[in-house]
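Visitor: I have a structure here, written as structure tokens, and I will follow up with some questions on it.
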Amino acid sequence: MPRNKLVVIIYVFILCFLNVNISFAQAPNISYPAHPVYTINSPIPTLIPNNSGGAVPATIYGEVSTFAGGRAPVTYDSQGTDAGFNLPSGIVAANNGIVYVTDFGSGAIRKITPNALVTTIAHVNSASGIVADNQENLFITDFQDNKIFKINTAGITSVFAGTGASGAVNGPANIATFHNPGGIAIDASGNLYVADQQNNMIREITSAGVVSTFAGSGAAGIQNGPALSAKFNSPDGVAVDGLGNVYVADTKNSLIRKITPVGVVSIVVGTGSPGMADGASGSASFNYPTSVIVDAQQNLYIADYKNNKIRKIAPDGIVSTIAGNNTPGSINGIGTAASFNYPLGLTINSAGEVYITDEVNYLIRKLLLTGYTIDKPLPPGLIFDPETGKISGTPTELSPATDYTVTAYNADGTSSTIVNIEVKDSSVPQNPGVQPPKITYHTPNTYTINTAISTLSPNQLGGAVPAGVYGDVTTFAGLGSPGTNTGFNGPAGVVTDNAGNLYVSDANLNLIRKVTPDGTVTTLAGGGNGVPGNADGIGTLARFNNPGQLAIDAAGNIYVADSGNNLIRKITPDATVTTYAGTGQQGSDNGPRNQASFYQPTGIVIDASGNIFVSDLSASLIRKITPAGTVSVFAGGFFSPVLVNGNGANASFFGPWTLAIDAAGNLYVADHGNAAVRKITPAADVSTFAGTGQSGSSNGNGQALSASFTRLLSVAVDASGNIYTGDAYSIRKITPSGAISTFAGSLSGSGLVNGPKENAKFYSIFGLTFDKAGNLFIADKANNVVRKIALSGYTIDKALPAGLVFDAATGNISGTPTALSPATDYTVTAYNAGGSSSTIVTIKVIASQTITFAPIPDKTVCDIDFDPGATGGSPITYTSSNMAVATIVQGKVHITGPGTTIITASDGTLTSPQTLTVIAGVTPSVTISPVTFDECSGIAVTYTATLVNGGPAPHYQWKVNGQNSGPDNVEFISSNLNNNDKITCVLTSSVACTSSPTATSNEAIFTLDPPVSTAVSITSSLNGPVCAGTEIVFKATPDTPDSKPGYQWQVNGNNAGTNSSIFSSKTLADGDIVTCILTSTGKCLINPGTSSNAIIVKLSAISQCVIVIPNTFTPNGDGINDFWNITALHGYPNCSITVFTRYGSVIYKSTGYVNAWDGTCNGSALPVGTYYYILDVKNGKKPLSGYVTILR
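Position 697 of the sequence shown, counting from 1, maps to 981 under my numbering, and the rest follow consecutively.
Laid out in structure tokens, this is it:
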């Protein structure tokens, strides 16, 4: 495709496939009511297709419209046709409904929304091919700068591969080189494939950024085989299907190539020379194809650049034109009514819409691939609605039962069905003959390779189909050499009776022969050893002269066009021969049949009312004989070697040879001299039905009025109204709508060859007739035989997958498939004497396999489309049971909302389900700890946030009493909080999918503890001076929150005693100072260590510590010596004294001796006497003992 810089470019983009039908990824499955029969000029009830499959959008298949662009050439952002493009090249439809386009002329990358709003999002110098990955990252080939660019979802443009130098270096992306990279595609694993145009290679860039040569040796040419030795010539377009096959638009070779995953290159379609032929892969041709895409059903679509067409390659290799014609233009319309001006790039979205960069029109065009189509025009007056598939209207012409193929399309597949429609005239009595067949098959059918299938038989809803090999030509009678005993000599006319007997006019022998259904030949009438004559009589007594066409009436009487005698003869069932009409003289006199004259009558038929019509060869007239015996000219008034149509005598003929009549009473004339088939209505209106009037052997591109004939000799009509003609070597078939084809034999070349009708050979076909079973009998005159073509049984339009067998007699399909085969539609047609019925059966052969489908992890509503990951031996498609949760888009799961759905993987035979749970976005949360905190003034406290669904980069906003405080950190540290402050944290999550991005924590309350002081006081066990050696006990009383404080006693500042609240000593000296240091632990202590009060030890003088114990006292109450006074005991406050009787009984006991003993015991005066004592002063010395006497 020419460029202003002498470069050639193309771009293509991969459709990430699927199957999807948005509505359960399901193809349509349509049918119509069986064999509707309508009445001419009567409105029909609307015929509506039944659809048990996926919905069919109300669109028109093949309709082309302008999606965007209208200013030219300019890069101008706007809406729809107000936008402008400058040599739009690459195009890709992303999963979100956005279409991206590369504007080669300006380097702009354009974005087009579903409502056709066009904006520019980036620039790349010579932007060419473009493709998007699952994350909506864009990859663009820079044709002139030899680079691959990437635009990420944030809009950042970077070099993904290529140094900018031209070359074919493989390796890491940053050192690899390209030479004019064009089209680009991506597979399910994220690997890129680049049409490296000037290198004649297909390059692969892995998702890790490693570049390698995927196919192509680098030399220009056409060579298949191993990928690296294959040759291409400026490949421009590239696409990848779901199986990993790579398809290439091999532009300058005008080929479509295929590279398998194991690296084998082959030709898919094309001859290697420019052309525009549709049809089978081996003969179809392209002219500079620049883009290729593949849909979920393995159909390929091609931008046929120089043909200005969009072409389709079906999985069976059949090529068709979807839109456009060879004339450049910008016309919108349907199919070939639309026009393009160098269509360059293609892409397809999940709805089955194709977008096209119409380069030289500077437009983006849209092509619909959904809706309904019908294969041929309906009878006049009936209307087909391509949006709904409905058929309505009022038929205005008669039409025999005809099969129409209707196909429904949606984004997930197609469904074809056949509807048989017949239009009859209610005023014409209908032939109550054989009911046409009506067949169906179970469809679609998926079989496993190398596994025998159950016989697939047709369901018969109409007339029975006799077992036969449809189209098989045999010799029914005659040996092929002239003679009376060995066969026929110039059979010319044939007719059958209701019993199946065949009658033959044996022209050169001047006999009328009878052939029974088992092939036994007898002479019915005529004799004389072949000598011509003119005699009535019974059987062999009669004589004929070159008898021609035969006719038979309802009573079984046979009428003979006795051409050499210029007579019409009648033969009764008992073989009595009479002259029915004519005088024997040449002429064209009308009137009573016994007075009328004929001039070489060769053709004869009888209508339903008993009227006889005769083709009067040399008079070039069509004559009519009424049941009353009146002869008249029905049509023709003069001899003319040119075609003159009109009514009755205003028309002309040139040697009309034979006649046929249809159920409506129309006559068909083999107008031999004019090389045409003429039609005469019951009102005698003559028209040309087939032929140009010039001798020839052409079918005229299938149009009867453009066809030509050589030696047109015979004509017949079947039960469906189809016209059959016999000429020198072939039998043609002309449908009531005027479509002509060669039915049997060849248009040139004679012979006597039986077998399939297409291969058979004939020589001078003088007569044709049908029997009740619909079989066609042929008077093959120059071969001296009567031939039969079986016209019952079944046919199929193409070969079944290898290993499967079609039985033409029964329509059964059986066998064991031995090769894989994609889903393919096969048209099976059943035939009987009443007509035919076609139906479509879909058959697919898959590998023996299982489906591996791992459980699907839970997803969120924000997750991108993903591949569920099922694998098997055949392509996997998916369905979703709950469209509110997920749908299937281009073979991937597209999340639509929270909930649960069943995702089912299918390979066409096996299924495997997995449950998908989608949550409504994660909910972030934050908890801070501790919840409560008490601390002393001025002490730093730390709060920590614990997150759920915070993401990798969360943000924190700490608050104190609702006011922002602290840094963006997981911890909050403060040393100046006040009592009852309330601390919270607001989390902003970095998770992509949340129910809310922010969350507020629980509330933590801070308690400020008051300061605490400690104190200790000590007391002594003594209140006054004591004597040396006396034990003094000190007790500490603490004032502290610590339940176990520490005590350190000191004497004169030196540590003494143990860690106890009690300290005792017997060694203290007079004036010693005793203190205690209290050590406490706990919160908010002002003085964890504190000292007690001091106690000074007071000791009595030694003189005051001498103990004198009296040995007597007189407690008689006179105030003199009434008490036992012991000196110095006040200085021994811890002393103990015990007094006993002589018998050891204790009568007095005291600790300390503050009050001297008064000589009583329990308040009673003791008697005079001697008592004994023990005194222990507790000074570490031995106790004192002795006696004391009480005197009175």
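Glycine included, C-beta positions come from ideal geometry on N, C-alpha and C. Predicted model, so just to flag it, every value in this text is computed and none were measured.
When we look at the beta-carbon of ARG797 and count the other beta-carbons within 10 Å, is it buried (16 or more) or exposed?
Guide: Taking the first residue of the sequence shown as 1, we reach residue 797 at position 513. Buried, because 16 or more other Cβ atoms sit within 10 Å of the Cβ of ARG797.
Visitor: Taking 8 Å as the cut-off, decide whether the C-beta atoms of THR461 and ASN436 are in contact.
Guide: Counted from its first residue, the sequence shown places residue 461 at position 177. Counted from its first residue, the sequence shown places residue 436 at position 152. Cβ distance not < 8 Å, so THR461 and ASN436 don't count as in contact.
Visitor: Per DSSP, what kind of secondary structure is GLY832 in: helix, strand or coil?
Guide: Taking the first residue of the sequence shown as position 1, residue 832 is located at position 548. Strand at GLY832.
Visitor: Keeping to the same chain, check which residues put their C-beta closer than 6 Å to that of GLY613; ignore five residues upstream and five downstream.
Guide: Position 329 of the sequence shown, counted from the first residue, corresponds to residue 613. Closer than 6 Å at the Cβ level, and outside the excluded window around GLY613, lie SER623.
Visitor: Using the three-state DSSP reduction, which class does HIS956 fall into: helix, strand or coil?
Guide: Walking along the sequence shown from the start, residue 956 turns up at place 672. Looking at HIS956 - three-state DSSP - the assignment turns out to be coil, as it is neither helix nor strand.
Visitor: What's the call for ASP520, buried or exposed, on a 16-neighbour Cβ count within 10 Å?
Guide: Position 236 of the sequence shown, counted from the start, is the residue given in the question as residue 520. Buried, since its Cβ has 16 or more Cβ neighbours within 10 Å.
Visitor: Identify which residue in ASP1218, TYR1227, GLY1022 and SER683 has its Cα closest to the Cα of ASN325.
Guide: Position 41 of the sequence shown, counted from the first residue, corresponds to residue 325. Closest by alpha carbon: SER683.
Visitor: Hey, how far is the Cα of LYS395 from the Cα of ALA1288?
Guide: Within the sequence shown, the letter at position 111 stands for residue 395. Within the sequence shown, the letter at position 1004 stands for residue 1288. Approximately 51 Å between the Cα atoms of the pair.
Visitor: Output the distance between the C-alpha atoms of SER307 and ALA892, rounded to the nearest integer angstrom.
Guide: The residue you call residue 307 lines up with position 23 of the sequence shown. The residue you call residue 892 lines up with position 608 of the sequence shown. Below a pLDDT of 50, predicted positions are generally treated as unreliable, and SER307, at 35, falls in that range; the measurement from the model is reported next regardless. Distance between the alpha carbons of SER307 and ALA892 is about 56 Å.
Visitor: What's the C-alpha gap between THR914 and ARG877?
Guide: Sequence index remark: in the sequence shown, residue 914 carries index 630 (1-based). Sequence index remark: in the sequence shown, residue 877 carries index 593 (1-based). Taking the straight line from one Cα to the other gives about 6 Å.
Visitor: Just checking my contact of LEU628 with SER390 at CB under 8 Å: how many whole Å lie between their CB atoms?
Guide: For this step, residue 628 is matched to residue 344 along the sequence shown. For this step, residue 390 is matched to residue 106 along the sequence shown. Their Cβ separation, rounded to whole angstroms, is 15 Å, which puts LEU628 and SER390 out of contact at 8 Å.
Visitor: Could you say if the segment 1034-1045 and the segment 1084-1091 meet the contact criterion of at least three C-beta pairs nearer than 8 Å?
Guide: The segment 1034-1045 vs the segment 1084-1091: no contact.
Visitor: Checking 8 Å against the spacing of the C-beta atoms, do CYS1389 and CYS1311 come in under that value?
Guide: In the sequence shown, the residue the question calls residue 1389 occupies position 1105. In the sequence shown, the residue the question calls residue 1311 occupies position 1027. In this structure, CYS1311 lies closer than 8 Å to CYS1389 by Cβ.
Visitor: Could you give the DSSP three-state label for ASN785: helix, strand or coil?
Guide: Along the sequence shown, read from residue 1 onward, the residue named residue 785 stands at position 501. In this structure, ASN785 counts as coil in the three-state DSSP scheme.
Visitor: Going by C-alpha to C-alpha distance, which of THR1134, ALA598 and GLN987 sits closest to SER1491?
Guide: Outside the shown range of the chain (285 to 1476) lies residue 1491, about which nothing can therefore be said.
Visitor: Can you say whether ASP735 is buried or exposed, counting buried as having 16 or more other CB atoms within 10 angstroms of its CB?
Guide: Translated into the one-based positions of the sequence shown, residue 735 becomes position 451. Correcting the residue type first, residue 735 is Thr in the shown sequence and not Asp. THR735 is exposed by the Cβ-count criterion.
Visitor: In chain order, what residues of the same chain have a beta carbon less than 8 Å from the beta carbon of LYS542, not counting five sequence neighbours either side?
Guide: Taking the sequence shown and counting its residues from 1, one reaches residue 542 at position 258. Around LYS542: ASN529, VAL530, TYR531, VAL532, VAL549, SER550, ILE551 and VAL552.
Visitor: Where ASN1409 and THR1435 are concerned, what is the direct C-alpha to C-alpha distance, given to the nearest angstrom?
Guide: The sequence position of residue 1409 within the sequence shown is 1125, counting from 1. The sequence position of residue 1435 within the sequence shown is 1151, counting from 1. Each residue's Cα considered, the two are about 15 Å apart.
Visitor: Pull up the distance between the alpha-carbon of ALA1154 and that of LEU1200, whole angstroms please.
Guide: Taking the sequence shown and counting its residues from 1, the one referred to as residue 1154 is at position 870. Taking the sequence shown and counting its residues from 1, the one referred to as residue 1200 is at position 916. Distance between the alpha carbons of ALA1154 and LEU1200 is about 14 Å.
Visitor: For ASN303, which residues from the same chain have a beta carbon less than 7 Å from its beta carbon, with the 5 sequence-adjacent residues on both sides left out?
Guide: By one-based count along the sequence shown, residue 303 stands at place 19. The predicted position of ASN303 is uncertain, since its pLDDT is 33 and thus under 50; no value can be drawn from it.
Visitor: Taking a contact to mean a Cβ-Cβ separation below 8 Å, would you say ALA1168 touches THR1180 in this structure?
Guide: Along the sequence shown, one-based indexing puts residue 1168 at 884. Along the sequence shown, one-based indexing puts residue 1180 at 896. Taking 8 Å as the Cβ cut-off, ALA1168 and THR1180 qualify as a contacting pair.
Visitor: Can you tell me which residues form a DSSP beta bridge with GLN1241?
Guide: Working through the sequence shown from its first residue, we reach residue 1241 at position 957. Its beta-bridge partners are VAL1270.
Visitor: For a quick check, are the C-beta atoms of VAL757 and GLY1039 less than 8 Å apart?
Guide: Here residue 757 refers to the residue found at position 473 when the sequence shown is read from its first residue. Here residue 1039 refers to the residue found at position 755 when the sequence shown is read from its first residue. Yes. Within cutoff.
Visitor: Can you list, in chain order, the residues of its chain with a C-beta nearer than 6 Å to that of ALA685? Leave out the 5 residues immediately preceding and following it.
Guide: Sequence index remark: in the sequence shown, residue 685 carries index 401 (1-based). These residues qualify, in order along the chain: ASN704, GLU706, PRO720, SER1004 and GLY1119.
Visitor: Have a look at SER1285 and ILE1267 and give me their C-alpha separation to the nearest angstrom.
Guide: The sequence position of residue 1285 within the sequence shown is 1001, counting from 1. The sequence position of residue 1267 within the sequence shown is 983, counting from 1. Between SER1285 and ILE1267, the C-alpha separation is close to 9 Å.
Visitor: Do THR1481 and LEU584 have their CB atoms nearer than 8 Å?
Guide: In the structure displayed, the chain extends from 285 to 1476; residue 1481 sits before or after that span and is not available.
Visitor: What does DSSP give as the partner residue(s) for PRO519 in the beta ladder?
Guide: Along the sequence shown, read from residue 1 onward, the residue named residue 519 stands at position 235. ASP534, per the DSSP bridge assignment.
Visitor: Going by DSSP in three states, GLU1287 sits in which element: helix, strand or coil?
Guide: The residue given as residue 1287 occupies position 1003 in the sequence shown. Note: GLU1287 maps to coil in three-state DSSP.
Visitor: With a 10 Å radius around its C-beta and 16 neighbouring C-beta atoms as the bar for buried, classify ASP1109 as buried or exposed.
Guide: Sequence index remark: in the sequence shown, residue 1109 carries index 825 (1-based). Classification for ASP1109: buried.
Visitor: Would you check if the segment 1389-1399 and the segment 1353-1369 touch, i.e. whether three or more CB-CB distances between them fall below 8 Å?
Guide: Too few Cβ pairs lie closer than 8 Å, so no.
Visitor: Name, in chain order, the residues that DSSP records as bridge partners for THR862.
Guide: Residue numbering aside, residue 862 sits at position 578 when the sequence shown is read from its first letter. According to DSSP, THR862 bridges with LYS854.
Visitor: Assuming GLY1010 contacts LEU1052 (C-beta within less than 8 Å), just tell me the rounded distance between them.
Guide: Here the question's residue 1010 lines up with position 726 in the sequence shown. Here the question's residue 1052 lines up with position 768 in the sequence shown. Rounded, the Cβ-Cβ distance is 5 Å, consistent with contact.
Visitor: My output table needs one value for GLY281: the three-state DSSP class, helix, strand or coil.
Guide: One cannot answer for residue 281 here, as it falls past the ends of the chain, which runs 285 to 1476.
Visitor: DSSP three-state label for GLU671, please.
Guide: Here the question's residue 671 lines up with position 387 in the sequence shown. Of the three classes helix, strand and coil, the one that applies to GLU671 here is coil, per DSSP.
Visitor: Can you give me the start and stop residues for the beta strand (DSSP E) that GLY1470 sits inside?
Guide: Counting from one through the sequence shown, the residue named residue 1470 turns up at place 1186. Where GLY1470 is concerned, the enclosing beta strand (DSSP E) stretches over 1468-1474.
Visitor: Can you tell which of LYS536, ASN571, ASN475 and THR555 has the C-alpha that lies nearest to the C-alpha of ASP525?
Guide: As a working mapping, residue 525 is identified with position 241 in the sequence shown. Ranking the options by Cα distance to ASP525, first place goes to ASN475.
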